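What follows is the structure, given as structure tokens:
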């Protein structure tokens, strides 16, 4: 009587969500300060003041307008502001018509995958480690997720493996750079090579192969790391963006899909993505926050806290003996499980109210994702626990 | 290369959305005051002050919390407030675990349909006139929409026709009372009879038949009309609610699904609906507005404006000669097209910047949906145009 796939999805939840819900339950019992929740990507830095100011100012305007339906594609004024931002920052000739406002990047990705999927054989390629929910999103839209093993030496794209995995059924490569969970950022050189492979394969198979670039972490990079803008590298790129991380608005569900005019069938892709939104009941992206984005589109995140946290946690863990993958961006450390069994380590840590996500969920067993978007004190107070856990799990 | 169903959905749009977008375009050309947009259900009454006050107050709290991810099911405190509201108003023993916060009722309906659909033969029954998007939502989730002809004499449920349409494949009846577009409210007597039919048929076929009650207009009723609460009438009811109309927040996408514990397989339905949300990329309902709802859950809409508009438009149209279906609730007049060709009338009216929706979209040709959630002046200034249009379309 009930859809077994949906029941399974809802019963198991994602490992990350499960830990998050556990953390909330434990917080009610032992107090929030005694739960060391490194499990989720909930920004720990407050939204920029400009966001709060924008909301306050909007509250003085006509509420019928502010909270009313927008067009399905999103407010023209917001899409204009985004197009102009993209032109200014990345030099692309974006038009408002190329942009679709979405309920965050997750909605953008599911809408895009559904628009691209025509049959059960359609393949979407992703290299591990990858955002765990891709393995939900792709089959749920009717496609097949093809995963490529991680490159444990560099966490960079394994181009020969990608090339080999491309078949006549490949619809798109899912790219997530800065990467969740590894923090890795693909360089222009690597992306140029990827583009060349995809173009060659597209010629060979006689149809375009897209890159779906899921980039909620674009602005969260450290040092002088450059995050190349995919549409400047490869014409058939579709960008799924979210303000969840850059403006610390993850719960508000606001982002967009950008389909460059250069993309193959761009004039069909935009309506097809809008059609997917309609099919799934996405009427419009939240209206107040569409207007907030219009007013804060050029605001950059304050990275000082994440930079500090990253150093504190990375140095602390390395001093204990953990092997840490040095991240270029995002706000996660990807750490080798001391005993190579990430699930066991995560379970052990959970007993100690320390919540870390086993890399298995990201197609990368043996590693742990440890979010550093937490309070500084959480890291400081958790380090002795991480030391104890290291000892326990490496004890002979 | 591109999903033809999605392309079609996105290219054609809904008739309503198309008129809405046309209205916005025309407004930029001739000015908003010269577009008489009776096409969409965008509340024209401002959100209650309590909503704005709640947002202002929330802006003084911790932004990391306010804008952060909530659990997939929604904030416990919000679900508690809703459960308590439902108990107080309808006497149901609702628990927070029975409630799933959603991005509006459209998301709630698609999530519920997807959770209930196990194969292409699954049928969802709806009597015309019905919300046009059901014909998108049901097939997009893998089911089949079975439609029952309208009862043009009363616009009430045609119980014998419903009974006849139920087969072994019937999963649920979609109910929308107050009805969009007719404004009709089903009485307790009618619903009791419907419940008896469904129970009998469920016994006959050996599986439950659900009612999915889509009720964004619950609070918008006129005079002493009572809107029976489905879970009090029929155990296997699932309620999809939205604050779009009651709190005038249609663009904010905030509502919930309530699965009463009395419903068959309730303990599987809740996770299956959550699984559907996950499959479609609904991470959580917008967080700020989840908190707003917690604080405004008992606030009722101010119906004075709609009551006035309803009388003004209804009396005005009747004086011209139009046949009007007197609505119990919602904010639409369902009006017989003067020449019985609603599409032609709508096209004619569009040339005059008067936007009304042909009933064809609601499975009810020959009728027009005219929203009265507009400014009073819009009605006043449009009436002469409606008079001219009546003359034109009835001219021999």
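Protein chains in written order, with my numbering: chain A, 16 to 411; chain B, 16 to 411. Glycine included, C-beta positions come from ideal geometry on N, C-alpha and C. Keep in mind the model is a prediction, meaning the values are calculated, not measured.
How do the segment 302-314 of chain B and the segment 254-269 of chain B stand: do at least 3 beta-carbon pairs fall below 8 Å, yes or no? Yes, the segment 302-314 of chain B touches the segment 254-269 of chain B.
Say whether chain A places a C-beta atom closer than 7 Å to the C-beta of residue 116 of chain B. No, because no Cβ of chain A sits closer than 7 Å to the Cβ of residue 116 of chain B.
Out of curiosity, what's the CA-to-CA distance linking residue 79 of chain A and residue 49 of chain A? 44 Å
Answer with buried or exposed for residue 52 of chain B, where buried requires no fewer than 16 other C-beta atoms within 10 angstroms of its C-beta. Counting of Cβ neighbours within 10 angstroms places residue 52 of chain B among the buried residues, the total reaching 16 or more.
Using a Cβ-Cβ distance under 7 Å, would residue 33 of chain A count as near chain B? no
Report all residues from its chain with a CB closer than 8 Å to the CB of residue 177 of chain A; omit the five preceding and five following residues, and keep chain order. 140, 142, 163, 188, 209 and 212
Would residue 195 of chain B pass as a contact of residue 345 of chain B if the rule is Cβ separation under 7 Å? yes
Going straight from the alpha carbon of residue 230 of chain A to that of residue 294 of chain B, what length do you get? 20 Å
Those runs of the alpha helix (DSSP H) which lie wholly inside the segment 159-212 of chain A and span at least 4 residues: Fully enclosed alpha helix (DSSP H) runs of 4 or longer: 174-180.
What first and last residue would you give for the alpha helix (DSSP H) that runs through residue 70 of chain A? 64-73
What does a CB cutoff of less than 6 Å around residue 157 of chain B pick up in its chain, not counting 5 residues either side in sequence? 132
Nearest-angstrom beta carbon gap, residue 247 of chain A and residue 287 of chain B [assumed within contact, 8 Å]: With a Cβ gap of about 43 Å, residue 287 of chain B and residue 247 of chain A do not count as contacting.
Bridge partner(s) assigned by DSSP for residue 349 of chain A: A:340 and A:384
Any beta carbon from chain A within less than 7 Å of residue 36 of chain B's own beta carbon? Judged by the 7 Å Cβ criterion, residue 36 of chain B is in contact with chain A.
Could you work out which residue in A:279, A:145, A:205 and A:218 is closest to residue 243 of chain A when comparing CA atoms only? A:205
Going along the segment 267-291 of chain A in order, which residues come within less than 9 Å of chain B, judged by CB to CB distance? 267, 268, 269, 279, 280, 283, 284, 285, 286, 287, 288, 289, 290 and 291
Do the segment 328-343 of chain A and the segment 93-111 of chain A meet, that is, are 3 or more Cβ pairs less than 8 Å apart? no
With distances taken between CB atoms, is the gap from residue 394 of chain A to residue 350 of chain A smaller than 7 Å? no
Which bits of chain A does residue 196 of chain B rub up against, with CB to CB less than 9 Å? For the C-beta of residue 196 of chain B, not a single chain A residue is nearer than 9 Å; the gap to the nearest is close to 16 Å.
Beta-carbon gap between residue 232 of chain A and residue 114 of chain A smaller than 7 Å: no
Is the segment 221-230 of chain B in contact with the segment 368-380 of chain B, if contact means three or more CB pairs nearer than 8 Å? no
For residue 4 of chain A, which residues of its own chain have a beta-carbon under 8 Å away from its beta-carbon, when the five flanking residues on both sides are left out? The structure shown does not extend to residue 4 of chain A, since chain A is modelled only from 16 through 411, so no value can be given for it.
Can you confirm whether residue 18 of chain A, when its beta carbon is compared against all beta carbons of chain B, has any partner nearer than 7 Å? yes
Check the Cβ of residue 24 of chain B against every Cβ in chain A and list those closer than 7 Å, keeping chain order. 290, 293 and 294
Spell out the partners DSSP gives residue 229 of chain A in its beta bridges. A:255
Proximity to residue 149 of chain A [Cα-Cα], best of A:183, A:179 and A:228: A:228
Could you tell me which of B:87, B:130, B:90 and B:68 sits nearest to residue 253 of chain B, measuring between CA atoms? B:130
If you run the structure through DSSP and keep just helix, strand and coil, what is residue 108 of chain B? coil
Mind checking which residues open and close the beta strand (DSSP E) that includes residue 151 of chain A? Taken as a continuous stretch (DSSP letters only), residue 151 of chain A belongs to no beta strand (DSSP E), being part of the alpha helix (DSSP H) at 149-155.
Once you ignore the five residues that flank residue 159 of chain B on each side, which residues in its own chain have a CB closer than 6 Å to its CB? 138
Please compile the residues from chain B whose C-beta is within a distance smaller than 8 Å of the C-beta of residue 132 of chain A. 18
Which residues in chain B sit within 8 Å of residue 299 of chain A, going by Cβ to Cβ distance? 266 and 268
Rounded to a whole number of angstroms, what is the C-alpha to C-alpha distance between residue 269 of chain A and residue 320 of chain A? Cα to Cα, residue 269 of chain A sits roughly 23 Å from residue 320 of chain A.
Bridge partner(s) assigned by DSSP for residue 39 of chain B: Answer is none; residue 39 of chain B lacks a bridge partner.
Counting only the same chain and skipping the five closest in sequence on each side, list residues whose C-beta sits under 6 Å from that of residue 183 of chain A. 220
Report the neighbours of residue 307 of chain B on chain A: residues whose CB is nearer than 9 Å to its CB, in chain order. Here the premise fails: no neighbours, minimum Cβ distance about 10 Å.
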